[in-house]
Amino acid sequence: MKWWHNEKVSVVWTVFRIWLGIKWLEAGWHKIQDGFDASGFLQGAIAKAAGENPAVQGWYAEFLKEFAVPNVELFNILIPWGEGLAGLGLITGLMTIPALVAAAFMNLNFLMAGTVSTNPILLTVAVILLFTGKGAYYWGADHWVMPYLKQNLFHKKGGHPKKAIVV
Numbered sequence: 001m002k003w004w005h006n007e008k009v010s011v012v013w014t015v016f017r018i019w020l021g022i023k024w025l026e027a028g029w030h031k032i033q034d035g036f037d038a039s040g041f042l043q044g045a046i047a048k049a050a051g052e053n054p055a056v057q058g059w060y061a062e063f064l065k066e067f068a069v070p071n072v073e074l075f076n077i078l079i080p081w082g083e084g085l086a087g088l089g090l091i092t093g094l095m096t097i098p099a100l101v102a103a104a105f106m107n108l109n110f111l112m113a114g115t116v117s118t119n120p121i122l123l124t125v126a127v128i129l130l131f132t133g134k135g136a137y138y139w140g141a142d143h144w145v146m147p148y149l150k151q152n153l154f155h156k157k158g159g160h161p162k163k164a165i166v167v
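The working numbering puts the first residue of the sequence shown at 1, with every later residue one more than the last.
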């Protein structure tokens, strides 16, 4: 067993995971409750691509201009619900790794859009927790869910999926 998977050390990862989850849940909840429109954020990010030392890279501003702005209604749903669901996953320790990947991806995109704020801190915590692997969810729902899924979805030898069970 690696030292970072140890049940005692995993308490530290759990504290970080829950803290990170609360931050994401709060961010998503406020956007869901208050209504969210990414239009101003996107336009602000595009504007930060101008000048001698732009905060936003030209290629990312083009992505925002050509894809995100025309599909802002989709982003108005994806961002708040993505933040909220990532937060719930991290707090409960359920689907921890996908929640950490989603959180890190959102932080990275917010940083690329020129918003520093707490994004470097949140991204750093997410990356550290990703490196701890199962240590991040030792004290979480995945501790019991993942072994169950592995046992019931994959054969013990070969790793081929079992046939799907239709309910």
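Don't be surprised by glycine CBs; every beta carbon is placed ideally from N, CA and C.
Host alpha helix (DSSP H) of residue i (start-end)
i, result
"TYR60", "58-63"
"VAL69", "Unbroken run through VAL69: none, as it is neither H nor E."
Residue i to residue j span [Cα, whole Å]
i, j, result
"TYR148", "ILE97", "16 angstroms"
"PHE63", "SER117", "22 angstroms"
"TRP59", "GLU66", "10 angstroms"
"MET112", "MET106", "10 angstroms"
"LEU94", "VAL56", "34 angstroms"
"ALA61", "PRO120", "20 angstroms"
"LEU42", "LEU130", "28 angstroms"
"GLY140", "SER10", "10 angstroms"
"TRP144", "ILE91", "15 angstroms"
Residue i - DSSP class collapsed to helix/strand/coil
i, result
"TRP139", "coil"
"SER117", "coil"
"GLU7", "coil"
"PHE36", "coil"
"ALA103", "helix"
"ALA49", "coil"
"LYS23", "helix"
"PRO54", "coil"
"GLY93", "coil"
"VAL167", "Residue placement at VAL167 is flagged as unreliable, the pLDDT there being 46, under the threshold of 50; a coordinate-derived value is accordingly withheld."
"LYS2", "coil"
"TYR148", "helix"
Below-7 angstroms beta-carbon distance, residue i vs any chain B residue
i, result
"TRP59", "The structure shown has no chain B; it contains just one protein chain."
The region 123-136 touching the region 4-20, judged by at least three CB pairs closer than 8 angstroms: The region 123-136 is in contact with the region 4-20.
Inter-stretch contact (C-beta, 8 angstroms, three-pair minimum) for the region 80-92 and the region 19-28: The region 80-92 and the region 19-28 touch, with no fewer than 3 CB-CB distances between them shorter than 8 angstroms.
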